[in-house]
Every structure is written in structure tokens, then in C-alpha cells.
Amino acid sequence: MSEPQHKELLDVMATDSNLQNYEDAYATFDWKDVEQEFSWNTTGNVNAAYEAIDRHVENGRGDDIALYYSDPVRDESYTFAELKALSNKFGNVLKKYGVNKGDRVFIFMPRSPELYAALLGAVKIGAIVGPLFEAFMEGAVRDRLEDAEAVAIITTPKLKDRVPVAALPALKHVFLVGAEGELAAHEVDFQQEMDAASDLLEITWVDREDGLVLHYTSGSTGKPKGVLHVHNAMIQYYQTAKWILDLKRGDVYWCTADPGWVTGTAYGIWGPWLHGVTNVIRGGRFSPDDWYNTLQRYNVSVWYSAPTAFRMLMGAGDDLVKKYDLSSVRHILSVGEPLNAEVVRWGMKVYGKRIHDNWWMTETGGQMISNYPSLPLKPGSMGKPFPGIYAAIVDDAGNELPANSMGNLAIRAPWPSMMRRIWNNPAKYEEYFRLQPWYISGDSAYKDEDGYFWFQGRIDDVINTSGERVGPFEVESKLVEHPAIAEAGVIGKPDPLRGEIIKAFIALREGYEPSEALIEEIRDFVKKGLAAHAAPREIEFRDKLPKTRSGKIMRRVLKAWELGLPTGDLSTMED
Ligand code: WT7
1 MSEPQHKELL DVMATDSNLQ NYEDAYATFD WKDVEQEFSW NTTGNVNAAY
51 EAIDRHVENG RGDDIALYYS DPVRDESYTF AELKALSNKF GNVLKKYGVN
101 KGDRVFIFMP RSPELYAALL GAVKIGAIVG PLFEAFMEGA VRDRLEDAEA
151 VAIITTPKLK DRVPVAALPA LKHVFLVGAE GELAAHEVDF QQEMDAASDL
201 LEITWVDRED GLVLHYTSGS TGKPKGVLHV HNAMIQYYQT AKWILDLKRG
251 DVYWCTADPG WVTGTAYGIW GPWLHGVTNV IRGGRFSPDD WYNTLQRYNV
301 SVWYSAPTAF RMLMGAGDDL VKKYDLSSVR HILSVGEPLN AEVVRWGMKV
351 YGKRIHDNWW MTETGGQMIS NYPSLPLKPG SMGKPFPGIY AAIVDDAGNE
401 LPANSMGNLA IRAPWPSMMR RIWNNPAKYE EYFRLQPWYI SGDSAYKDED
451 GYFWFQGRID DVINTSGERV GPFEVESKLV EHPAIAEAGV IGKPDPLRGE
501 IIKAFIALRE GYEPSEALIE EIRDFVKKGL AAHAAPREIE FRDKLPKTRS
551 GKIMRRVLKA WELGLPTGDL STMED
């Protein structure tokens with residue numbers, strides 16, 4: 001175990017936060033207490049989109065701003081009443097095209113008001129939404145739509161070429177936002193349909209255990225897995241948004257994550273809107289100036305982002321911060337990868353605020369371990385388990401380990417936002433729960449004597465680059481499709497800015513020679529075939545790669561090479 005450095009305390013606490021006494025809450029809280037916050041508790045009617053949007057309109061808050069949207073060309077705002085109407089319209093459009101409850105509807109486009117209206121509309125008719133990050137290329141899009149048997153996709157003319165309709169027999173409709181000119185048989189002009197649709201919709205009431213959203217995520221082997229979340233998750237979205245995001249009436253909240261990742265739905269849609277809070281959505285690329293300008297211009301009070309972004313802002317310098325009035329910012333949070341203690345200290349210095357790290361995963365659906373505004377914070381720690389969540393460090397047999405021992409980070413199942421299924425893969429699902437009563441996260445960590453959790457690393461080979469999870473197998477499979485490549489092994493290499501970068505070790509086929517041009521070509525091949533963020537930043541050629549006798553690339557040996565560490569037990573390696 002690494003030497004515990006957990007004595008440093010940042011004890012500038014908020015006195016007015018929603019969670020005043022963590023210990024009390026931890027001892028007494030029951031998820032059942034949250035149910036009274038929802039209208040289904042009295043009506044019996046369940047639908048997350050109704051709770052997030054329509055309920056506020058019915059409670060006389062229809063004119064409050066739900067969404068501020070800006071990108072380099074658009075600058076708009078939408079009230080809850082307007083979002084209700086737009087999502088109703090899209091619900092009617094989907095119904096007109098025969099989309100039913102339980103059908104998978106994918107959304108593949110850059111952040112825009114249309115994306116949010118479409119997502120909410122699909123949920124309102126009981127469809128299961130599959131949001132895809134806009135950077136995905138054809139191979140990645142195809143794998144996901146195929147696995148989910150998606151019946152419809154909402155996309156743009158620019159992205160539609162990456163949707164291989166002919167190869168996807170279940171896919172019936174391609175809705176084009178910004179459609180122009182001639183449309184193919186399966187294509188539908190989104191705006192034309194929206195204009196014609198009624199803004200009155202009969203919402204499809206669902207069971208709390210019915211599917212809400214499907215997020216694909218990478219493991220160390222196999223294709224990406226479809227993690228299914230259900231409407232019941234809103235119990236956890238609501239309560240964590242109250243006590244971790246600390247959202248209050250009147251807040252302006254900005255989550256920088258794209259809905260293609262779980263943070264962008266759980267806390268980019270449900271968390272804020274279940275609380276009726278104004279949500280800031282910014283399109284376009286990262287730029288320190290634009291980000292600070294966004295905070296200033298909307299008077300953002302709660303800001304949720306990721307370590308890579310904070311590290312880039314740190315790199316942009318302290319003077320830049322002084323050019324902006326960031327006094328509206330009350331609470332800052334981070335998720336996705338380890339938040340360095342140094343970044344927390346820097347945040348204290350330049351923002352005068354603590355950055356609150358929290359830990360969770362696509363599979364957990366909602367936040368599990370966090371720092372809280374009312375608790376002392378230990379820079380470098382992920383914080384403490386949420387009330388209602390029991391987190392532990394266990395050995396490989398599921399025995400709980402004492403304080404300061406490193407082991408598997410585990411959560412006692414179940415909890416409200418827990419994934420309910422891996423799409424088409426029940427065996428994979430069971431693997432997470434193999435050590436009853438635990439959910440095994442795949443992360444290693446330890447808990448200190450004060451109950452704070454400290455992240456140590458992944459147990460499997462999954463790579464976390466700038467907070468995005470990349471499965472080495474997916475990248476390796478793409479690499480060996482390239483005609484020059486015989487074998488490929490992919491690892492995460494530690495990187496000060498991105499946490500990890502993707503490094504590929506490659507053995508070439510006969511007749512090919514290493515060259516800069518080939519490196520570029522290979523990188524481009526992965527970018528075009530998979531996604532830009534999955535392309536190896538570093539490529540190293542080797543005559544041969546270390547493999548087991550059964551032919552599996554030994555990534556741990558590659559990693560040891562890379563880090564100059566001993567390679568450990570090589571008994572399973574081929575000669
Ligand atoms: C993996 C989950 C749900 C958040 C977005 C990422 C790593 C997540 C932290 C943290 C250190 C973290 C873990 C986890 N991770 N949060 N605060 N400190 N590592 O979701 O893509 O499903 O990835 O991200 O390794 O298992 P994801």
C-alpha cells in the first residue's frame with residue numbers, strides 16, 4: 001500500500017448546505033424517505049421525464065429557466081414550459097412512427113436543445129434512450145445499435161454517414177436534425193415533424209423497474225457492454241443532487257459532461273431537473289477562456305466537471321482566473337478519475353473553494369462516495385459513502401478488510417440507481433455480483449481510519465484517459481484490422497494531464513517497416529474506425545509481443561516494460 005498521506009484536512013466548510021450533519025444522516029437515512037419527493041407517491045404514475053420537467057410546470061414554475069444553451073453560433077434559453085412542449089412534440093413524433101414503450105431509441109449528435117428535447121420525449125413514451133458521444137465512428141456506432149437492436153436514431157446530416165443503416169435490420173427511422181435537401185427512404189426531417197406535432201402528449205406511465213437509459217461502457221475484454229438503468233434510479237439522482245451537488249432552488253448549475261457518458265445524463269439531466277434547477281449546457285470545444293466566461297455570464301453557482309479539465313485550467317494559469325468574476329460559484333465538484341491533491345490545493349488558492357471529488361461508475365448509475373460541503377475534506381481522497389450506501393474494501397473472497405488495507409472497492413447491493421442488466425449479457429452482469437452481498441467495482445482502494453476512501457487503481461486493464469473509459473481489447477481489435485499489423489497490445493500509460501494515455505505496442509506483418517508515416521496512418525485508422533479518444537497517442541513497434549501459451553497478449557508485461565518495473569510471474573508466457 002502507498003504511504004497514507006491522509007492527515008491533511010481542508011476544513012473550510014459550508015454552513016448552509018443541504019446536508020448539515022453527515023453522521024446523523026448516515027445513521028438514520030432510508031431511501032424510502034425520498035419517495036415523498038415525487039408525484040408518483042400520490043398519483044402512482046411513474047415517468048422520470050414527467051418528474052424532471054412537467055411536474056414543475058404543474059407546480060406553477062413553468063416560466064422558470066430550465067436550460068441555457070450556447071455554442072459558437074447559438075445562444076438560447078428555454079423555460080420548463082417550453083421544454084415540456086418540445087419533449088411532448090417529440091414524443092408524439094415517435095408515436096407517429098410506431099415507436100413503442102421499451103424500444104431502444106438512440107441519440108447521436110452534439111449537445112443542443114434538440115438533443116435534450118428528443119431524449120426527454122423518448123423517455124416520455126417509455127422508450128429506452130441510448131445516447132452516443134458524437135466522436136464515435138461507424139464501427140463504434142454499429143456495435144452499439146446492433147447490440148441494442150435500436151429502432152430509431154436521432155442524428156445530424158454530418159453524422160449520419162457513420163450510421164450503417166443497411167447493416168442494422170432493426171433500425172427503421174433516422175431523424176435528422178437540420179435536414180436539408182433530398183431524404184432517403186428511412187430518413188425523417190426532425191424539424192418538419194416537430195413543427196407539425198401537437199404539444200399535448202399522453203405520457204406513457206411505466207413501472208419503476210422499466211428501462212430508462214442504456215449507456216455503453218468498456219471492460220477489459222469483449223465488446224462494449226450496454227448498462228441498463230431504470231426509472232427507479234431517479235430516487236438516487238434526486239437525493240445525491242440534493243446532498244452532493246447541494247442543489248437549491250434558484251441555483252444555476254453547470255455539468256460539463258456530454259450525455260453520451262453517464263455523468264451527462266444522471267447529473268446533466270436528471271439531477272438538476274428533478275430539483276427544478278436551471279441547467280447550463282455549453283456546446284463546442286474546451287477552452288479555458290470560454291469556460292470561465294460561461295461561469296461568469298450565467299452566474300453559475302454549482303459547477304461539476306472532471307480532473308482533466310481542472311488540470312487544463314490549472315495549466316492555463318492563475319492570472320486568467322483573475323480576469324473573470326467567478327463570485328457566483330458556491331460549490332465545485334469533480335468525477336471520473338483521480339483528482340490530484342495538488343489540484344484541490346490549487347482550486348483553494350485560485351477559486352477560494354474546495355473541489356469536491358466523488359466516485360461512482362456507469363454501473364452504479366449514481367454517486368456512491370463523495371466529499372460533502374459540510375465535512376472536512378482530505379485532498380486526494382474520494383470522500384465517504386453516501387447515506388444509504390455501504391462501501392467497503394474486501395479481499396478476493398469478499399471478506400471485509402480493516403482500515404488502511406488495500407483491496408477491492410465494493411458496495412453492498414442493492415441501491416436505487418444500480419444497473420439492472422447488461423444488455424444481452426446476463427453472465428457479465430452476474431460477474432459484478434459474484435461475491436454476495438457485494439458489487440465488485442473493479443477498482444482498488446483503501447479506507448483510512450476516519451472512513452475516507454482513497455483510490456489506488458483499476459484491477460483490470462481498463463484505461464481511463466481524460467475521464468473516458470477505454471477498453472484495451474476494443475482498440476487492439478481495431479488495430480489488428482489494419483493490413484500492416486500482426487499483433488497489438490494496448491495499455492494505459494500514466495500521464496500528468498490526462499491521467500493515462502493510450503499506448504499501443506505493435507508487431508508488424510512481414511513486408512512492413514516501422515515509420516512515422518505508418519504511425520500516423522495507424523492512429524488515423526483507429527480514429528476513423530472507433531473514436532478519436534480511442535486512438536493511441538503513443539505507438540511502439542516490437543518484433544514480438546509477450547503472450548500467454550493460449551495466445552492472450554500479456555498487457556501486464558507491456559505495462560512493466562513501459563514503467564521499467566519487474567515483469568513478475570512469467571510462467572504462463574509462451575517461449
Ligand atoms: C471508473 C468509472 C461515473 C463517473 C464517470 C466515469 C474511475 C471515477 C473516480 C474518482 C478515481 C474514479 C474509476 C471507475 N473513477 N470516479 N473520483 N477517483 N477514479 O464513469 O466511465 O463508468 O468510469 O472511473 O476507475 O471505476 P465510468
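Numbering follows the UniProt record's numbering, in which position 511 of the sequence shown is assigned residue number 511; successive positions increment by one, without gaps. We treat Cβ as the ideally placed atom computed from N, Cα and C, and that holds for glycine.
> Counting along the chain, where does the alpha helix (DSSP H) carrying residue 613 start and finish?
Replying inline: Nothing can be reported for residue 613: it is not among the residues displayed for the chain, which extend from 1 to 575.
>> Spatial neighbours of residue 538 within its chain, please: C-beta separation below 6 Å, excluding the five flanking residues on both sides.
In response: On the sequence shown, residue 538 is found 538 positions in, with the first residue counted as 1. So the list reads 503, once near-sequence residues are dropped.
>> Closer than 8 Å is the cut-off here; do at least three beta carbon pairs connect the segment 175-182 with the segment 154-165?
In response: yes
>> I believe residue 80 touches residue 121 by the beta-carbon criterion, under 8 Å. Please report the beta-carbon distance rounded to the nearest angstrom.
In response: Mapped onto the sequence shown, residue 80 falls at position 80. Mapped onto the sequence shown, residue 121 falls at position 121. About 15 Å separates the two Cβ atoms, so there is no contact after all.
> With DSSP run on the structure shown, which of helix, strand or coil describes residue 131?
Replying inline: Along the sequence shown, read from residue 1 onward, the residue named residue 131 stands at position 131. Residue state, collapsed to three classes: strand.
> Just how far apart, CA to CA, sit residue 501 and residue 444?
Replying inline: Taking the first residue of the sequence shown as position 1, residue 501 is located at position 501. Taking the first residue of the sequence shown as position 1, residue 444 is located at position 444. So the two alpha carbons sit approximately 20 Å from each other.
> Expressed to the nearest angstrom, what Euclidean distance is found between the alpha-carbon atoms of residue 255 and residue 511?
Replying inline: Within the sequence shown, numbered from 1, the residue matching residue 255 stands at position 255. Within the sequence shown, numbered from 1, the residue matching residue 511 stands at position 511. For residue 255 and residue 511, the distance between alpha carbons rounds to 50 Å.
>> Since residue 84 and residue 53 should fall inside the 8 Å C-beta cutoff, what is the C-beta to C-beta distance between them, to a whole number of angstroms?
In response: Along the sequence shown, read from residue 1 onward, the residue named residue 84 stands at position 84. Along the sequence shown, read from residue 1 onward, the residue named residue 53 stands at position 53. That belief holds up - the Cβ atoms of residue 84 and residue 53 are roughly 5 Å apart, short of 8 Å.
>> Just verifying my parser: in three-state terms, what is the DSSP assignment at residue 505?
In response: Sequence index remark: in the sequence shown, residue 505 carries index 505 (1-based). Looking at residue 505 - three-state DSSP - the assignment turns out to be strand.
> Sorted by chain position, which residues of the same chain lie with C-beta nearer than 8 Å to residue 566's C-beta, five sequence neighbours on each side aside?
Replying inline: Here residue 566 refers to the residue found at position 566 when the sequence shown is read from its first residue. Counting only Cβ-Cβ distances below 8 Å, and skipping sequence neighbours, we find 560.
>> Going by the DSSP bridge assignment, what does residue 468 pair with across the sheet?
In response: The residue given as residue 468 occupies position 468 in the sequence shown. In the DSSP output, where bridge partners are listed per residue, residue 468 has 465.
>> What would DSSP say about residue 438, mapped onto helix, strand or coil?
In response: Along the sequence shown, one-based indexing puts residue 438 at 438. The answer is strand: DSSP assigns residue 438 an E or B state.
> When DSSP labels each residue in this structure, what does residue 230 get in the three-state scheme?
Replying inline: Counting from 1 along the sequence shown, the entry for residue 230 is found at position 230. Strand.
> Using the rule of at least 16 other Cβ atoms within 10 Å of the residue's Cβ for burial, across every protein chain shown, is residue 259 buried or exposed?
Replying inline: On the sequence shown, residue 259 is found 259 positions in, with the first residue counted as 1. Buried, because 16 or more other Cβ atoms sit within 10 Å of the Cβ of residue 259.
>> Spatial neighbours of residue 423 within its chain, please: C-beta separation below 7 Å, excluding the five flanking residues on both sides.
In response: Looking up residue 423 in the sequence shown gives position 423. Result list for residue 423: 147, 148, 214, 226, 228, in chain order.
> So does residue 509 have its beta carbon nearer than 6 Å to some heavy atom of ligand 1?
Replying inline: As a working note, residue 509 is residue 509 in the sequence shown. It does not: the Cβ of residue 509 is nowhere closer than 6 Å to a heavy atom of ligand 1.
> Would you say the beta carbon of residue 499 comes nearer than 6 Å to a heavy atom of ligand 1?
Replying inline: Numbered from 1 along the sequence shown, position 499 holds the residue referred to as residue 499. Outside the cutoff, so no.
>> Extract the residue ranges of the alpha helix (DSSP H) inside the segment 24-62, only unbroken runs of 4 or more that lie entirely within it.
In response: 40-43
> So what does DSSP say about residue 562, is it helix, strand or coil?
Replying inline: Here residue 562 corresponds to residue number 562 of the sequence shown, with the count starting at 1. Reduced to three states, the DSSP call for residue 562 is helix.
> How many Å lie between residue 86 and residue 58 at the Cα?
Replying inline: To locate residue 86, count along the sequence shown from 1; it is residue 86. To locate residue 58, count along the sequence shown from 1; it is residue 58. C-alpha separation (whole angstroms): 16 Å.
> Looking at residue 357 and ligand 1, is the gap between the Cβ and the nearest heavy atom below 6 Å?
Replying inline: The residue labelled residue 357 in the question sits at position 357 within the sequence shown. True, at least one ligand heavy atom lies under 6 Å from that Cβ.
>> Could you check whether the segment 313-333 touches the segment 347-354, counting it as contact only if at least three pairs of C-beta atoms, one from each stretch, sit closer than 8 Å?
In response: yes
> What does a CB cutoff of less than 6 Å around residue 557 pick up in its chain, not counting 5 residues either side in sequence?
Replying inline: Your numbering for residue 557 matches position 557 in the sequence shown. Correct list, in chain order: 546, 567.
>> As a quick exercise: from 29, 232, 65, pick the residue whose alpha carbon is nearest that of residue 45.
In response: Residue numbering aside, residue 45 sits at position 45 when the sequence shown is read from its first letter. It is 232.
>> Looking only at its chain, what residues have a beta carbon closer than 6 Å to the beta carbon of residue 208, apart from the 5 residues adjacent to it on each side?
In response: Taking the sequence shown and counting its residues from 1, the one referred to as residue 208 is at position 208. Cβ within range, chain order: 46, 231, 232.
> How should residue 517 be labelled, buried or exposed, when 16 other C-beta atoms within 10 angstroms of its C-beta is the threshold for buried?
Replying inline: In the sequence shown, residue 517 corresponds to position 517, counting from 1. The residue in question, residue 517, is exposed, as its Cβ has fewer than 16 Cβ neighbours within 10 Å.
>> Distance check for residue 473 and residue 223, CA to CA, integer angstroms please.
In response: Position 223 of the sequence shown, counted from the start, is the residue given in the question as residue 223. Position 473 of the sequence shown, counted from the start, is the residue given in the question as residue 473. Taking the straight line joining both Cα atoms gives about 8 Å.
>> Quick test of your reading: residue 334 and residue 310, contact by CB under 8 Å. State the CB separation rounded to the nearest angstrom.
In response: Translated into the one-based positions of the sequence shown, residue 334 becomes position 334. Translated into the one-based positions of the sequence shown, residue 310 becomes position 310. That belief holds up - the Cβ atoms of residue 334 and residue 310 are roughly 6 Å apart, short of 8 Å.
> How would you label residue 483, buried or exposed, when you count the other beta carbons within 10 angstroms and need 16 or more for buried?
Replying inline: Within the sequence shown, numbered from 1, the residue matching residue 483 stands at position 483. Under this definition residue 483 is an exposed residue.
> In whole angstroms, what separates the C-alpha of residue 190 from that of residue 493?
Replying inline: Walking along the sequence shown from the start, residue 190 turns up at place 190. Walking along the sequence shown from the start, residue 493 turns up at place 493. Taking the straight line joining both Cα atoms gives about 43 Å.
> DSSP on residue 239, reduced to helix/strand/coil?
Replying inline: If you number the sequence shown from 1, residue 239 lands on position 239. The answer is helix: DSSP assigns residue 239 an H, G or I state.
>> DSSP has residue 302 in a bridge; who is on the other side?
In response: Position 302 of the sequence shown, counted from the start, is the residue given in the question as residue 302. Residue 302 is bridged to 253, 331.
> Between residue 283 and residue 466, which are expected to be in contact by the criterion C-beta below 8 Å, what is the C-beta distance as a whole number of angstroms?
Replying inline: Start at 1 with the first residue of the sequence shown, and residue 283 comes out as number 283. Start at 1 with the first residue of the sequence shown, and residue 466 comes out as number 466. Contact flag wrong, Cβ pair sits at about 18 Å.
> Sorted by chain position, which residues of the same chain lie with C-beta nearer than 7 Å to residue 118's C-beta, five sequence neighbours on each side aside?
Replying inline: Position 118 of the sequence shown, counted from the start, is the residue given in the question as residue 118. These residues qualify, in order along the chain: 90, 107, 154.
> Mapping DSSP to helix, strand and coil, what is residue 474?
Replying inline: Residue numbering aside, residue 474 sits at position 474 when the sequence shown is read from its first letter. Of the three classes helix, strand and coil, the one that applies to residue 474 here is helix, per DSSP.
> Should residue 500 be flagged as near chain B, meaning a C-beta pair shorter than 7 Å?
Replying inline: Protein chain content of the structure displayed is limited to a single chain, and chain B is not contained in it.
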